[in-house]
Structure formats: structure tokens, C-alpha cells
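Chains as they are written, first to last, in our numbering: chain W, 86 to 825; chain A, 45 to 274; chain Z, 168 to 247.
For glycine and all other residues, C-beta sits at the position ideal for the given N, C-alpha and C.
These figures come from a predicted structure and were not determined experimentally.
What follows is a short report on a single structure.
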Amino acid sequence: MMMEQNVAQSLGLTEEAFMKIAGVLGREPNVTELGMFGVMYSEHCSYASSKPVLKVFPTEGSRLLVRAGEGDAGVIDIGEGLALVFKIESHNHPSAVEPFQGAATGVGGIIRDVFTMGARPIALLNSLRFGRLESPRTQQLVRGVVGGIGFYGNVMGIPTVGGEVVFDETYDGNPLVNAMCVGVMKAEELTRARAEGEHNPVFYVGATTGRDGLGGASFASRDLSEASSADRPAVQVGDPFLEKLLLEACLELIQEGVVVSMKDMGAAGLVCSTSESAAAGGVGMKIDLEKVPRRAQGMTPYEILLSESQERMLLVIRKGEEQRARRIFEKWDLEAVEIGRVTDGDRFLVMNGSEVAADVPVSLLTRGAPVYEREAREVPQPVLSDEERRKLPQPRDWGAVLDRLLDSPTIASKRWVWEQYDHMVRTNTVVPPGADAAVLRLKGTRMALAVTCDGSGRYTALDPYRGGLLAVAESYRNLAACGAEPLAITNGLNFGNPQKPEVFWQFKRCVEGMAEACRVLETPVTGGNVSFYNENPAGAVDPTPIVGMVGILRDADRILTTGFKEQGDVVLLVGHLRDEIGASEYLKVIFGRKLGPVPMVNLPEEKALGSLMLDLAGRGLVRSSHDLSEGGLAVALAECAIKSSEGVGVKIEAGHWTQGLGWDALLFGEGAGRMLLTAKQEHEKEVLEAASRHGLPARRIGICHGREILIERVLQRSVEEMRHLYEGAFTRRLGETHVR
Amino acid sequence: MKFGVIVFPGTKCDHDCLQVLREVLGQEARPVWHKETGLAGFDCLVLPGGFSYGDYLRTGAIARFSPVMETVIQYAERGGAVIGICNGFQILLEAGLLPGAMLRNRTLSFICRDVTLRVDNAQTLFSSLYRAGEVIRMPIAHGEGNYYADSETLARLLGRRQIVLRYASPEGELTERDNPNGSLASIAGIVNERGNVLGLMPHPERASEAALGGEDGRRLFESLIHSLKT
Amino acid sequence: MHARVFVSLKRSVLDPQGKAVRGALETLGLKGIEDVRQGKFFDLELADGDPAERGRELDSLCQKLLANPVIEDYRIEWVT
Numbered sequence: 086m087m088m089e090q091n092v093a094q095s096l097g098l099t100e101e102a103f104m105k106i107a108g109v110l111g112r113e114p115n116v117t118e119l120g121m122f123g124v125m126y127s128e129h130c131s132y133a134s135s136k137p138v139l140k141v142f143p144t145e146g147s148r149l150l151v152r153a154g155e156g157d158a159g160v161i162d163i164g165e166g167l168a169l170v171f172k173i174e175s176h177n178h179p180s181a182v183e184p185f186q187g188a189a190t191g192v193g194g195i196i197r198d199v200f201t202m203g204a205r206p207i208a209l210l211n212s213l214r215f216g217r218l219e220s221p222r223t224q225q226l227v228r229g230v231v232g233g234i235g236f237y238g239n240v241m242g243i244p245t246v247g248g249e250v251v252f253d254e255t256y257d258g259n260p261l262v263n264a265m266c267v268g269v270m271k272a273e274e275l276t277r278a279r280a281e282g283e284h285n286p287v288f289y290v291g292a293t294t295g296r297d298g299l300g301g302a303s304f305a306s307r308d309l310s311e312a313s314s315a316d317r318p319a320v321q322v323g324d325p326f327l328e329k330l331l332l333e334a335c336l337e338l339i340q341e342g343v344v345v346s347m348k349d350m351g352a353a354g355l356v357c358s359t360s361e362s363a364a365a366g367g368v369g370m371k372i373d374l375e376k377v378p379r380r381a382q383g384m385t386p387y388e389i390l391l392s393e394s395q396e397r398m399l400l401v402i403r404k405g406e407e408q409r410a411r412r413i414f415e416k417w418d419l420e421a422v423e424i425g426r427v428t429d430g431d432r433f434l435v436m437n438g439s440e441v442a443a444d445v446p447v448s449l450l451t452r453g454a455p456v457y458e459r460e461a462r463e464v465p466q467p468v469l470s471d472e473e474r475r476k477l478p479q480p481r482d483w484g485a486v487l488d489r490l491l492d493s494p495t496i497a498s499k500r501w502v503w504e505q506y507d508h509m510v511r512t513n514t515v516v517p518p519g520a521d522a523a524v525l526r527l528k529g530t531r532m533a534l535a536v537t538c539d540g541s542g543r544y545t546a547l548d549p550y551r552g553g554l555l556a557v558a559e560s561y562r563n564l565a566a567c568g569a570e571p572l573a574i575t576n577g578l579n580f581g582n583p584q585k586p587e588v589f590w591q592f593k594r595c596v597e598g599m600a601e602a603c604r605v606l607e608t609p610v611t612g613g614n615v616s617f618y619n620e621n622p623a624g625a626v627d628p629t630p631i632v633g634m635v636g637i638l639r640d641a642d643r644i645l646t647t648g649f650k651e652q653g654d655v656v657l658l659v660g661h662l663r664d665e666i667g668a669s670e671y672l673k674v675i676f677g678r679k680l681g682p683v684p685m686v687n688l689p690e691e692k693a694l695g696s697l698m699l700d701l702a703g704r705g706l707v708r709s710s711h712d713l714s715e716g717g718l719a720v721a722l723a724e725c726a727i728k729s730s731e732g733v734g735v736k737i738e739a740g741h742w743t744q745g746l747g748w749d750a751l752l753f754g755e756g757a758g759r760m761l762l763t764a765k766q767e768h769e770k771e772v773l774e775a776a777s778r779h780g781l782p783a784r785r786i787g788i789c790h791g792r793e794i795l796i797e798r799v800l801q802r803s804v805e806e807m808r809h810l811y812e813g814a815f816t817r818r819l820g821e822t823h824v825r
Numbered sequence: 045m046k047f048g049v050i051v052f053p054g055t056k057c058d059h060d061c062l063q064v065l066r067e068v069l070g071q072e073a074r075p076v077w078h079k080e081t082g083l084a085g086f087d088c089l090v091l092p093g094g095f096s097y098g099d100y101l102r103t104g105a106i107a108r109f110s111p112v113m114e115t116v117i118q119y120a121e122r123g124g125a126v127i128g129i130c131n132g133f134q135i136l137l138e139a140g141l142l143p144g145a146m147l148r149n150r151t152l153s154f155i156c157r158d159v160t161l162r163v164d165n166a167q168t169l170f171s172s173l174y175r176a177g178e179v180i181r182m183p184i185a186h187g188e189g190n191y192y193a194d195s196e197t198l199a200r201l202l203g204r205r206q207i208v209l210r211y212a213s214p215e216g217e218l219t220e221r222d223n224p225n226g227s228l229a230s231i232a233g234i235v236n237e238r239g240n241v242l243g244l245m246p247h248p249e250r251a252s253e254a255a256l257g258g259e260d261g262r263r264l265f266e267s268l269i270h271s272l273k274t
Numbered sequence: 168m169h170a171r172v173f174v175s176l177k178r179s180v181l182d183p184q185g186k187a188v189r190g191a192l193e194t195l196g197l198k199g200i201e202d203v204r205q206g207k208f209f210d211l212e213l214a215d216g217d218p219a220e221r222g223r224e225l226d227s228l229c230q231k232l233l234a235n236p237v238i239e240d241y242r243i244e245w246v247t
């Protein structure tokens, strides 16, 4: 008894969980069974700490076809018989240990989550966070992660169309790599990971099972420490070519109508994919491990069940259709083996030839995991006091401040990154990376998909509730800026050790903020991923919620873009001007201060801004649009000019629009709910009236003019100079990846 | 006209080529699985981009031995029109239908972006609707597009005007700055001696619709359609 | 029988990977490196047979598949 309990503990099971399992089984579980429970009850698989908190997310909506938790990914109806499937997943720990393969297999995993639902993946995005780009270790991580993401997506033939890359010392040693995939399908082809029908055969398809990645799920649930390097076998090597074959074969199988259930073997491999498929369908399952194709000699049942070898799928095929299924597997040169059957009842029986390796109730394995009500302790929020604010030296040269921000890696152009990704394959990418959101046309319809992937680390560290609000609001605004109607979100929540009450409080408050924003903005949560234990010897990383939001443009011809269009167009600013510089890039880059208060958020106004943009885009009144975010108005103006294909500049007019605010807050404050628009002069009045009808303040602040940004007696920079700084920031630090 | 678009395991630009040929150009086109042999009735075979067999040995090296390639080689030898785009170009090189080989980009990274190209020979089947010396825009997306050939081969390519497209500045000059991958003599696309087989690294199918930001690539397909009709 | 096939770029062909590795070695403080060439090798486990015949077969496979003679050289090493 003692010995088994020790094993249980080393596998991450608490004494309480062990006693419960033994009680239900009426006997002591064997080592294989303990391993299965250990991994299924791990934080990664069971959401033991996060489940009670995530309940506050709004998961209802008329467009939702699959609710959060019901499938591998969220599914929403976008009309015309089409549905979108999308999800985010993190691969932080593997990427820290082996950046190229860690990031690559992260992309591979999220792609499988999407095509197992029956959708063809059409876009990849990612949110990347690293330490200071000046450090050689960070540079190595950036090269590895970007290379790995590119490798997997490029070979798969799925365009990587957007995302974000942020640098902050908090991520030194613990980078965040969150990958998002979006797929599209005919709504009627929706496939679930739900085993059904007694006697239906269970197929194992894809790569062989090896010892690689053993215990990855529990690996992801531990702090990143020096010991992680010794865990090196926990990192797997990705094979995107094999996954491309799996993708094509699986979609063909679904079209042929032979599939009952399909699930990726991701975290916790075979044990998770079999038991969760059975649990979802309320059935049992019997499998034989001897039939599982292996690449290593002498693997134990424990190892076969828990291996996390990549590029493997579990399919339940309609009985009688085995031959049709086999023909499709053969066409794609895939190894497919029938390893078991669906059975009646709640019994998960794992054979190893003629011997019983494990025999446990499906429900106990999948739903018996303990749920922890973690302790939360409020953390005081560091703010820049009024007095400190007054003492901050006012820069003499605002142009030099802008230069430094444009050259700071978080703000600067990420072209160095996204030119290593095939962002055009499948010929749908209408707005390429580098814009507020990526826009892809949906062939065969007039519609276009707008999608964004954004997070808020610093805001959340300084004020978790507002950080949560802002993560959602910023994504919403990014879609609005393109003229899209935001529909729903998925999320990736990256936090420290949840057993620390301060961390858990951050998590809770952040989720509450996100939930509130999703409710008011009517963008329900379709699913997501929680990654805890993002810590390194120096402490936890900034709590970082990532939001992946999808939206639809009903008319692909009415897409709004960032760049200024023509000399003489008027420049309008929608939204409130407030005296806010807290939590800004300006404070961080210029003064090295990471202090609040985090900008306030008015959700009804964010919603109004979204409606206004839809209205303006629909009437064709706006020529360019860009939301204000990191770096505030000055950086937004610079980006609109830099991204103007004609190099159109802007002349800001003096006048009472500044409301007497200081240039620091005016130019570099990061107040929420604001949008920079340009319009033809004759439409100025109409746009301002529309804003007022939506209850939003708006004013003209200047005119498109010349080849520079000009604010008389304050700031003057040529578009060419700014472009040089902005486009060259990565190359100056990382060297050329290519000429030009 | 009837196009066959050849699909190897790992091909990824087949959908894009089929869509342009059918929807944009109104031609007949169908995918041809790499295990098919004895192709008949096609006016042109297209080998699209991708990572055939993962490009695990060398780009194009394994695809070159697919069953369909026997037929492609015979078809080309009889004078049939063949276009190899990106990975398709690499396969044609491996199969010996075009001279030379591909090395990794000199930056060692995958590069996806628009490039400017100079049309060096506007008298081929595939380029007749361009003007000689015209500068056009098309995207590239590859990690191994650094064209290499020995000096005799290069001399032959130049002498017989087999170089169709070269990476060039917007003004049409051949500079190192405008050569994205380090290709010998800035070569982006070549034809065989007979002029019926074209290989190019840029993706004309991605530059065939205004909605995607450019239409210069469409004229390549239109040239072929025009040439074969007359 | 066990054969090892080494494949590397011809001397006349620029090897960008080798060049990058050389640069990295120099940054790490290793001086006096004249040149670095990168390559790959294949380990082949072959059924026993006549060594001369096996050698000819393997040589032809190298030319056809394992190496691209336009840019690459190869060398076969028999391991006993």
C-alpha cells in the first residue's frame, strides 16, 4: 500500500485522489492505472485549478455550434452554411527547452485540434513573448521559435497570417508561445470527438508510438527549473509532412461519411484520446496495446498509454466501413491499425495481448479528477503617483521619443518574423500580417474572415481585472478597425504557479475582466487553454491572457486598411482623450518604469465604437483606420504613414482638440476605445455626425499632407526616416534574414 | 484548354493553381494524383509548389521518382507544355528536365514576400504577353530557391536565351540587393532548350487576382493559353 | 553489411550553412578556422551479398537519389 502510494505521489496524485480511486475500484490500482490517473488528473488535462474560475466565461450565443469544453475547438456558424472552427494552445515549456521543435509541435497540435472537427485549416496566428531582444539567449529563442512555427505551417500549406510578438524582461527564460488555428467547413460536416455505437472499431492512425514526450502533460504542469534541461526527452520532434497526409486523409474520411469520432492524440496521448472520446459518447472502450505500432523496443503498457509522440489520431469508424477507410489511409500512405472497439457501459478495458493492463471506469478517469478551490490573495497594484508623474522630466524632443518607440521591438515592424512564414498560400490572404487584423476572403462567398490574436501582459500584471478587459477590448477594436463584425473568442491564459495565492488572484481577476468584456461586447468564449507554472528561477512571468478573436466582413470589398491613402484626406480621432500615461510603452521604454494605473475601459463605448466602424465601413465613408494601442496616438500616426503605399504624411492642426492635455498623454498615452480614421474632406461632417449618433466623441485633428508627420513646434519626422527605424529594428538586432 | 495539376504527397499549392486556372481563367483543369500514369488529353501539366515528401532528402528529390513522373518526362520529351512552380521547379531540376540545382537561400531562412522580376525573354510559350525587359511583381515563398549551375550551363542558358525571369530592381537592374536568395545570375525562371518546359520560383498563381494585390502572374498562364491557341 | 554514405556540397559550390557555422564559431572565440563545410550522412544496413556488386548498386543509388551530382559529392564508407 505504502509503495503504491509513493508511486502515486511521484505521478502527481494526491493522497485523497489515490484513496478515492482505490475506493471506487475496490482494490489498489496497479502502476499502469496510477500513471493513467496521474496524467488525466494533472492540471494540464483536468483543469483542476482553473475549472471553477473559468465558469464565469459567457459561453452562450446564437452562433455557437459547439460550446466550450464540448470539442477540441470552438465552432461558430457564420451563415451561408459555413462554420468556423478555432482555438489557441500554448507550448511555452517545450519552447523554452527546445525552441524550434517546441514551437513547431505546438503548431502541429493546434492544427490537429481544428481538422479533427472536420474543418480545413485556413489560417494560423500566434502570440509570442520573449525577454529582452538584446540578450543572446532571447535571440536564439526568437530564431528557433520563429523557425519552428514557419517550418510547420509552411510545410502544411496553411498560411501564418498574423499575431503579435512582445518583448519584456519578465519573459527572460520563460517565453510564451501560443498558437492559434482557424478552420472553415460546411456546418453539416461538423465532426466530434465522441465515440458512439457498440462494436464500432477504434483506429489508431499516423506516427508510431515512441518513448518521446513521455509525461509531457505533467511536464507542462511543473515549474520550469534547471531540472527541465534534464527532461529533454519530453520534447518531441514534429513531422509536418506526416501531418499534412493525416489532414488530407481525415478530411476525405469525413467527406466519405465513415467517421463516428475523431480525436487528436495530444497531451496524455492514447489514454486521454480514448477515455475522453468514450466519456463524451457515454460509452466504454476496449483496446489492445499489442496492436499499437511502436518505434521503441520493450515499451511497457504505461509507456504506450502515456507517450506523447506527435502526429497520431484516434478514429472511431462506422462498423462495416472499415475497408473504405483503409483504402483512404492507403492512398495517403498512412499506417492505420484497428486497436479496439467501442463497448457498452462505463468500462475502459486496456489489454496487453491476453493480459489486462488496466480496467477502470471511464467516468472516474475523465471526470473524477479533484477540483481545487485555490486560495486567492490580492496583490497591491503599483501605480505612478501624481507626485512622481509631476517629477518625470518632460522630454525636450518628442521626435526623439517617437524614434525610440518605433525602434523598440514590441512596437517595431515584425516583418523580419512574418516574412519567414508563408502567409499567402491558399490565396485567401487579402490583408497580410502587419495590420490590426489579418483578413482572408472566403472563396465561394462575398464574405471575408477577420482574425486577430492579442494579449496584455503588462496591463494584467499591473491590474489583472483591467488587463482582462483590455485583452478582449483590444482584439475587438482590431477587428472593428478592419470593418469586421467581431463574433467570438478563444483564449490562452498564461500564468504562474496557481498554488501561490497571489498568482491565483491574478488569474481569477483577469478571467473576471475578460468575462465581463465578452458579455458586454457579445463575443462569447468558445474555448481555450490554460497554461500555469510559467515561472523561472527569477519568479513568475507577467500574467498574460491572449485573446484570439474572429469576425466576419459581409462584403469582402469593404475592408478597411491602416495606411493613409491620399493627400488632403482629413484625419479624425474617435474616442475620449484622457490624461493617462500609466502602463504605457512610453513609461517603459523612455523611463524604464512599469507602473499603473492601467487605462480605464468603458465597455459600452467599445461596443459603440464597433458599431460605428461597421456603419462607416458599410457606407464606404472611411479611407483608412487604425486603432490606438501601444505607443498611443504618435505611434498610430507613424504606422498609418509608414504603411501608406504612397508614403502620405500628416499635418496635425493646432487647436482646442488637445483639450489642454500634456503632450506626453496626448501623444503616447494608451487610453482605450480610440480609433484613428481618415476620410475624404467632403465626408468629414458625415463621419463626425455618425460618431455622435453612436454616442462617441470625435474630432478632426489634422490632414494628410506631405511626406512627414508634422506637429508644429512639437514634432517633425519624415516618413522615410520613420520607416527605416520601424522596419529595421529586428534586422539591426538579429542580422539580416534576407537582403533588403 | 485542359490543364493537369499534379499532386504529390506534400504538395500545397494545387488548390491555388486549380482555382486560378478554373475560376479566373475559365480553363478546364483537374488534379492528377502522383500515382496516376498514362496521362492523356492534357494541353499543359502544372507541377505546383509545396514540400513534396516533406523535402526531407533534398527538395524534389523523392517526388522525382513518383510513378507520374515517368509520364511527365515522356510528355515533355514529346513537346508537351510543362510548368513547374517553386517545388515543381525543384522537381523538374531533379528530374533533369531543366538544368541546374537549388541550394538553400543564402540567408538560410524561408522567405515569403513580393519580389520584382525582369522578363528577359518575352518570346517563350509562357511569356509572350509580357514585354521584353518589363518589370513585374510576384511573390516568392521558399527556403531553397538559390539557383545554381556550373559555368558552362550558365553560358548555355544565356546563349540560348533560356532565362525567362530574373530578380531585378523596380528599374529592371540586376543587383545583389534585389536578389532575395542568392541565385546565380539572379535567375528566377528558366525554360528548357526546346522551350516547352518552364521552371520558376515565384508564384504566378498568387498574383492572378487584383484582390490579392497583383495580377502580373496571370499573364504567364494567359501567354501559354494564347500561344497554344494560335 | 553496413555502409555509411557521406554527402556534402561540392567545393565549387557556396555552402551557406557552413559559412554560417564558421561565423558562429568565430563569434565563440575559435580563431583560425579556414573553412567549414556542412554535409549529411546516411547509415545503411544492407543484406549480405557480394561486396563488389553491393558497392556498384550503392554507387548507382547515390548518383540517382542520395546525392544530386549537380551540386553534391558523395563518399561511401564500409563499416565492419
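Q: Output the distance between the C-alpha atoms of Leu525 (chain W) and Ala158 (chain W), rounded to the nearest integer angstrom.
A: The alpha-carbon atoms of Leu525 (chain W) and Ala158 (chain W) are separated by roughly 20 Å.
Q: With a floor of 3 residues, list each beta strand (DSSP E) that falls wholly inside the stretch 587 to 626 of chain W, ordered by position along the chain.
A: For the stretch 587 to 626 of chain W, the continuous beta strand (DSSP E) assignments of 3+ residues that do not extend past its boundaries occur at 610 to 616, in sequence order.
(Q) Less than 8 Å between the beta carbons of Pro571 (chain W) and Gly613 (chain W), yes or no? (A) Not in contact: Pro571 (chain W) and Gly613 (chain W) (Cβ atoms no closer than 8 Å).
Q: Give the secondary structure of Arg759 (chain W) by DSSP, where H, G and I count as helix, E and B as strand, and everything else as coil.
A: Assigned with DSSP and collapsed to three states, Arg759 (chain W) falls in coil, not helix or strand.
Q | Which listed residue (W:Gln321, W:Leu547 and W:Arg214) has its alpha carbon closest to that of Phe592 (chain W) | A | Shortest Cα-Cα distance from Phe592 (chain W) to any of W:Gln321, W:Leu547 and W:Arg214 involves W:Leu547.
Q) What are the residues of the stretch 186 to 197 of chain Z that lie near chain A, defined by any Cβ-Cβ distance shorter than 7 Å? A) Listed by position, the residues of the stretch 186 to 197 of chain Z near chain A (Cβ gap below 7 Å) are Ala187.
Q: Tell me whether Arg317 (chain W) is buried or exposed, calling it buried when 16 or more other Cβ atoms sit within 10 Å of its Cβ.
A: Its pLDDT being 38, under 50, Arg317 (chain W) is placed unreliably in this model, and the coordinates cannot settle the point.
Q.
Nearest by alpha-carbon distance to Phe580 (chain W): which of W:Tyr618, W:Ile163 and W:Arg639 is it?
A. Here the closest residue by C-alpha is W:Tyr618.
Q: Could you list which residues in chain A have their beta carbon closer than 8 Å to that of Gln184 (chain Z), in chain order?
A: By Cβ distance, chain A contributes Arg148 and Leu152.
Q. Which same chain residues, not among the five before or five after Leu96 (chain W), have their C-beta less than 7 Å away from its C-beta?
A. So the qualifying residues of the chain are Leu119, Gly120 and Gly123.
Q: Identify every run of the beta strand (DSSP E) within the stretch 630 to 717 of chain W, keeping only runs that are complete inside it and at least 3 residues long; order them along the chain.
A: Runs of the beta strand (DSSP E) inside the stretch 630 to 717 of chain W: 655 to 659 and 709 to 712.
Q) What residues in the stretch 162 to 192 of chain W bring their beta carbon closer than 9 Å to a beta carbon of chain A? A) Within the stretch 162 to 192 of chain W, contact with chain A at the beta-carbon level (separation under 9 Å) is assigned to no residue.
Q. So what does DSSP say about His284 (chain W), is it helix, strand or coil?
A. In the three-state reduction of the DSSP assignment, His284 (chain W) falls in the coil class, being assigned neither a helical nor a strand state.
Q. Is it a yes or a no for the stretch 150 to 157 of chain W touching the stretch 473 to 487 of chain W, going by three-plus beta-carbon pairs under 8 Å?
A. They do not touch, by the three-pair rule.
Q) Within 8 Å (strictly less), CB to CB, does Val172 (chain Z) reach chain A? A) So, not an interface residue.
Q.
Here's the rule I'm using: 16 or more other beta-carbon atoms within 10 Å means buried, otherwise exposed. How should Thr219 (chain A) be labelled?
A. Its Cβ having fewer than 16 others within 10 Å, Thr219 (chain A) is exposed.
**Q.** Same chain, Cβ closer than 7 Å to Pro214 (chain A), five either side skipped, listed in chain order
**A.** The residues are Thr160 and Val179.
Q: Measuring only between beta-carbons, confirm whether Ile155 (chain A) sits less than 8 Å from chain W.
A: Ile155 (chain A) belongs to the set of residues whose beta carbon lies under 8 Å from a beta carbon in chain W.
Q. Taking the C-alpha atoms as reference points, what is the distance between Glu252 (chain Z) and Ser175 (chain Z)?
A. Absent from the structure is residue 252 (chain Z), since the part of chain Z shown begins at 168 and ends at 247.
(Q) I'd like the list of long-range same chain contacts for Pro183 (chain A), defined as Cβ closer than 6 Å, with 5 residues on each side in sequence excluded. (A) Taken in chain order, the residues that qualify are Asp158, His247 and Arg250.
(Q) Using the Cβ count rule (16 or more neighbours within 10 Å means buried), how would you classify Ala363 (chain W)? (A) By the Cβ-count criterion, Ala363 (chain W) is buried, with 16 or more other Cβ atoms from all chains shown falling within 10 Å of its own Cβ.
Q. Buried or exposed: which applies to Glu188 (chain A), given that a residue is buried once 16 or more other Cβ atoms fall within 10 Å of its Cβ?
A. The Cβ neighbour count for Glu188 (chain A), taken over all protein chains shown within 10 Å, is at least 16; the residue is labelled buried.
Q: Kindly indicate which three-state DSSP category Asn91 (chain W) falls into: helix, strand or coil?
A: Asn91 (chain W) falls in the helix class under three-state DSSP.
Q. The stretch 204 to 238 of chain Z: which residues have C-beta closer than 7 Å to a C-beta of chain A, in chain order?
A. Within the stretch 204 to 238 of chain Z, those residues whose Cβ lies closer than 7 Å to any Cβ of chain A are, in chain order, Leu232, Asn235, Val237 and Ile238.
**Q.** Whole-angstrom distance between Glu767 (chain W) and Pro549 (chain W), CA atom to CA atom
**A.** Rounded to whole angstroms, Pro549 (chain W) to Glu767 (chain W) spans 44 Å at the Cα level.
Q) Quick one: what's got a C-beta closer than 8 Å to Ala312 (chain W)'s C-beta in the same chain, skipping five residues either side? A) With a pLDDT of only 44 at Ala312 (chain W), under 50, the local geometry of the prediction cannot be trusted, and no value is derived from it.
Q) On the premise that Met265 (chain W) lies in contact with Ala168 (chain W), defined as a C-beta separation below 8 Å, what is that separation, rounded to the nearest angstrom? A) Wrong, their Cβ atoms sit about 17 Å apart, outside the cutoff.
Q. Looking at Ala625 (chain W) and Leu582 (chain W), is the spacing between their C-beta atoms short of 8 Å?
A. Note that residue 582 (chain W) is Asn in the sequence shown here, rather than Leu. Taking 8 Å as the Cβ cut-off, Asn582 (chain W) and Ala625 (chain W) qualify as a contacting pair.
Q | Proximal residues of chain Z, C-beta to C-beta of Arg102 (chain A) below 7 Å | A | The contacting residues are Asn235.
Q: For His508 (chain W), decide whether its Cβ has a neighbour in chain A, counting only Cβ atoms nearer than 8 Å.
A: Closer than 8 Å: yes.
Q: For the stretch 710 to 720 of chain W and the stretch 490 to 500 of chain W, state whether three or more C-beta atom pairs, one from each stretch, are separated by less than 8 Å.
A: They touch, by the three-pair rule.
Q: Using beta-carbon positions only, say whether Ile127 (chain A) and Val90 (chain A) come within less than 8 Å of one another.
A: A contact, by the Cβ cut-off of 8 Å.
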